[in-house]
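Visitor: Structure in C-alpha cells, see below.
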Amino acid sequence: MSVKETVESIIEPIITEMGYRLVEVSYLKQYGGMTLTIFIDSDKEGGIALDDCEAVSKAIDPILEAHNPTADQSYTLNISSPGIDRPLKSEKDFYKNIGKEIELSLYKQQEGKKKFEGALIAYDSDTVTIKNKEEQKFLRKDIAVIKPVIKF
C-alpha cells in the first residue's frame, strides 16, 4: 500500500467519527521536505473552520505517529478544507450539487469546445447530464474536471 492509501485507512474512521468527511489525502514533496495534506469536509452550515482543522490535527497526529505510515520519513502535517471550487469527485459531491451550476472540462473537444456550463441535473457511474439551454449528456470517462461555478 502507498503512503496515501495507508494514511486513508488509518484516519478515515477517526475523521468520520468526529463528524467530518475525508475528501482527499496528498503526500507530496514541497519546500525541500515531504508534506502530508489531509482535506476534510462537513455537511454543517459554513463548512470547515480553523477550529475543525485544529481538532482533526490533534486527533490524528498521535495516531499517525504511532502507525508510522511514512516509514520514519519526516513530514509536515496539514489539515485543510478542500475549498469551495474543488472538483466534484465522490457520490456525495455530485448529490450535493444537483440543481447547481457546474463547469465541466473535457479531455477532447465536443461540438467545437472543451468547456461546458450548466445545472447538474443527473449523474450515474457512466454519465453526467447538465442543462443550460438544452440537456447535454457527457460520458464520465471523457470528463477531465467537474467543479461548481462560484458566483459572487
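Going by numbering that gives the first Met the number 0, the sequence shown opens with residue 0, and the numbers climb by one from there.
Ideal Cβ positions, reconstructed from N, Cα and C, are used throughout, including at glycine.
From a predicted model like this one, the values you see are computed outputs, not experimental measurements.
(1) Our contact map puts I149 next to I83 with C-beta atoms below 8 Å; I'd like the distance itself, whole angstroms only.
(2) With a 10 Å radius around its C-beta and 16 neighbouring C-beta atoms as the bar for buried, classify P68 as buried or exposed.
(3) According to DSSP, what are the bridge partners of S104?
(4) Rank I39, Y94, K88, G32 by C-alpha distance to the C-alpha of Q72 and give the top, closest one.
(5) In terms of alpha-carbon separation, which member of L63, F151, R20, F115 lies closest to V144?
(6) By how many angstroms is the C-alpha of I14 removed from the C-alpha of D40?
Guide: In terms of the structure at hand:
(1) By one-based count along the sequence shown, residue 149 stands at place 150. By one-based count along the sequence shown, residue 83 stands at place 84. 6 Å between Cβ atoms; contact.
(2) Residue mapping note: residue 68 aligns to position 69 of the sequence shown, counting from 1. Buried, by the Cβ-count rule.
(3) Here residue 104 is taken as the residue at index 105 of the sequence shown, counted from 1. Per DSSP, K114, V144.
(4) Position 73 of the sequence shown, counted from the first residue, corresponds to residue 72. Selected option, being the one with the closest Cα: G32.
(5) Taking the sequence shown and counting its residues from 1, the one referred to as residue 144 is at position 145. The option with the nearest alpha carbon to V144 is F115.
(6) Position 41 of the sequence shown, counted from the start, is the residue given in the question as residue 40. Position 15 of the sequence shown, counted from the start, is the residue given in the question as residue 14. The straight-line gap from Cα to Cα measures roughly 10 Å.
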